[in-house]
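I have placed the structure first, in the form of structure tokens, so that the comments after it can refer back to it.
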Amino acid sequence: MVYKVVRYLNNPILERPAAPVAEPEFNTPALSQLVEDMFETMYASHGIGLAAPQIDISKRLTVIDVAGAEEGQEPQRIVLINPEVISKDGKQTGEEGCLSIPGFREPVSRAKKTAVRARNVKGETFEIGGEDLLARAFLHEIDHLNGILFINHLSALKRDLIKRKIKKLQKAGEWE
Ligand SMILES: [Zn+2]
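Here the sequence shown is numbered in my numbering, starting from 12 and rising by one per residue.
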């Protein structure tokens, strides 16, 4: 099932920390189905990452596939549940966008390398490292679980400009 992706300024869930996935939810068909639906929603939107708050579900759960957008590439599905960033190294600056803020892309500085500890759908804890685009995806998606959007990393001036443009689109009924 493809969910509707929530847009910035239409739903405050995007700016609130999400709740951890609780113990009884692990290793259930409901959690596996939610993960499948999140991948389906992400691929349908040509994204490389999607966090549960973006489909109006306040859970610390995100799906990532940095190959997902590329035709003919092998999928590299990553599911992070209740993730924590355990290390960050170096710096990269590159354009970033968000399925909840479509049409806007801005340069954002992030760590070049990161390592994350998370749980899988079975509830098993694992650690995974990422560099470059994958590190950016990890940090962008984990930010979502803390109610932080990529525009929060921009200057107040740039952020306000984007906000004003979105408010205009909202008034015109072009932001739903
Ligand atoms: Zn995003």
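Cβ coordinates follow ideal geometry from the N, Cα and C atoms, glycine included. It should be emphasised that the depicted structure is a prediction, and the values quoted were computed from it without experimental measurement.
Cβ distance (whole Å) where G134 is taken to contact N21 below 8 Å: Against the sequence shown, residue 134 aligns to sequence position 123. Against the sequence shown, residue 21 aligns to sequence position 10. Not a contact, Cβ separation roughly 33 Å.
Every unbroken beta strand (DSSP E) within the segment 71-100, with a cutoff of 3 residues, ordered by chain: 72-75, 89-100
Any non-hydrogen atom of ligand 1 closer than 7 Å to S111 Cβ: The residue given as residue 111 occupies position 100 in the sequence shown. Yes, the beta carbon of S111 sits closer than 7 Å to at least one heavy atom of ligand 1.
Distance between beta carbons of E142 and R189, contact taken as under 8 Å: Absent from the structure is residue 189, since the part of the chain shown begins at 12 and ends at 187.
Residue span of the alpha helix (DSSP H) that contains R175, given as start and end: Translated into the one-based positions of the sequence shown, residue 175 becomes position 164. 167-182 is the span of the alpha helix (DSSP H), which, as asked, contains R175.
Segment limits, alpha helix (DSSP H) that includes P40: On the sequence shown, position 29 is the one that residue 40 refers to. Unbroken alpha helix (DSSP H) run through P40: 40-55.
Nearest-angstrom Cβ-Cβ length linking T146 and A183, presumed shorter than 8 Å: Numbered from its first residue, the sequence shown carries residue 146 at position 135. Numbered from its first residue, the sequence shown carries residue 183 at position 172. Here residue 146 turns out to be Ala, not Thr, going by the sequence shown. In fact, because the Cβ distance is near 37 Å, the residues do not count as touching under 8 Å.
Rounded C-alpha distance that separates L42 from E95: Numbered from 1 along the sequence shown, position 31 holds the residue referred to as residue 42. Numbered from 1 along the sequence shown, position 84 holds the residue referred to as residue 95. So the alpha carbons of these two residues sit roughly 19 Å apart.
Alpha-carbon spacing of R88 relative to I173, whole angstroms: Residue mapping note: residue 88 aligns to position 77 of the sequence shown, counting from 1. Residue mapping note: residue 173 aligns to position 162 of the sequence shown, counting from 1. Rounded to whole angstroms, R88 to I173 spans 31 Å at the Cα level.
Distance cut-off 7 Å: H155 Cβ against heavy atoms of ligand 1: In the sequence shown, counting from the first residue as 1, residue 155 sits at position 144. At least one heavy atom of ligand 1 is nearer than 7 Å to the Cβ of H155, so yes.
Chain C contact for L25 (CB, 8 Å cutoff): The structure shown has no chain C; it contains just one protein chain.
L61 (DSSP reduced to helix, strand or coil): Here residue 61 refers to the residue found at position 50 of the sequence shown. L61 falls in the strand class under three-state DSSP.
Reduced DSSP category for A148 - H, G, I as helix; E, B as strand; rest coil: If you number the sequence shown from 1, residue 148 lands on position 137. Three-state DSSP puts A148 in a helix.
Span of the beta strand (DSSP E), counted from its first residue to its last, around V119: In the sequence shown, residue 119 corresponds to position 108, counting from 1. Note, V119: beta strand (DSSP E), 117-121.
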